[in-house]
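Written below as structure tokens is the structure these notes are about.
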Amino acid sequence: MNLLLISGSTRAGSTNTAVVRAVPELLPTAARCLTYLDLMKLPHFNPDDDVDPLPSEVVRLRALIAEADALLFCTPEYAGDLPGSFKNLLDWTVGGVEIVGKPAGWINISSSTTGAQGAHRALRVVLGYTGAAVVDEACVGVPVGRGDVNSETGEIDAPHVREELGRAAHLIIKALDGASTTNPR
1 MNLLLISGST
11 RAGSTNTAVV
21 RAVPELLPTA
31 ARCLTYLDLM
41 KLPHFNPDDD
51 VDPLPSEVVR
61 LRALIAEADA
71 LLFCTPEYAG
81 DLPGSFKNLL
91 DWTVGGVEIV
101 GKPAGWINIS
111 SSTTGAQGAH
121 RALRVVLGYT
131 GAAVVDEACV
141 GVPVGRGDVN
151 SETGEIDAPH
161 VREELGRAAH
171 LIIKALDGAS
181 TTNPR
């Protein structure tokens with residue numbers, strides 16, 4: 001299975017990006033991970049530009065989505081919603097067909113009482129417009145604090161968090177793998 005991991009954060013030292021980087025180490029070897037961490041390289045979405053020839057970074061993003069069997073997002077919440085640059089990425093996927101029918105899930109790492117619910121509610125809505133198949137069992141919460149990330153390496157090195165992420169990653173692969181066999185493209 002080719003799993004595309006996408007961080008919804010542009011912040012240097014992002015905990016969400018640290019999770020995206022940690023997931024490949026925690027998955028079974030049968031899973032091949034692709035990553036997209038270049039939100040800032042995408043041009044601002046304009047429907048007039050969503051025609052051939054597409055901007056080169058949009059071509060790259062859509063090619064990664066086309067290569068993936070499933071998608072896994074890890075995004076922060078900003079002002080009760082999706083961060084603008086991540087929403088921009090999603091806007092570029094609405095006009096394409098690459099994501100249609102692909103199983104999708106997310107890891108919610110918020111340790112707040114609201115748990116980034118606004119962002120994930122919005123993500124579910126936007127993914128509906130893209131035609132992705134949100135797999136509820138692949139939408140999991142693993143609270144990760146800034147102190148769980150090594151400030152020098154940017155890696156998650158807290159054993160309890162890695163254990164929880166590993167458990168979540170296996171659940172996600174199981175759910176997405178099952179969904180990809182029941183939702184053929």
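Residue numbers (full-length UniProt numbering): 1 to 185. Note that CB positions come from ideal geometry on N, CA and C, so glycine has one too. Note that the coordinates shown come from a computational prediction; the quantities given were computed from them, not determined experimentally.
| query | result |
| --- | --- |
| Short CB-CB distance (under 7 Å) between Ala31 and chain B | No chain B is present in this structure, which holds just one protein chain. |
| Buried versus exposed, by CB contacts within 10 Å (16 or more), Pro83 | buried |
| C-alpha gap between Arg167 and Ala79, whole angstroms | 30 Å |
| Backbone CA spacing between Met1 and Ile172 [nearest angstrom] | 12 Å |
| Cys74 to Ile6 span [Cα, whole Å] | 6 Å |
| Buried versus exposed, by CB contacts within 10 Å (16 or more), Tyr129 | exposed |
| At least three beta-carbon pairs within less than 8 Å, the stretch 5-23 to the stretch 152-163 | yes |
| Per DSSP, the bridge partner or partners of Gly141 | Asn108 |
| CA nearest to the CA of Leu26, picked from His170, Lys174, Leu176 | His170 |
| Cutoff 6 Å; reference Ala132; Cβ partners in own chain excluding five residues on either side | Ile99, Lys102, Ala104 |
| Cut-off 6 Å between Cβ atoms - residues of its own chain near Pro43, not counting five sequence neighbours on either side | Pro55 |
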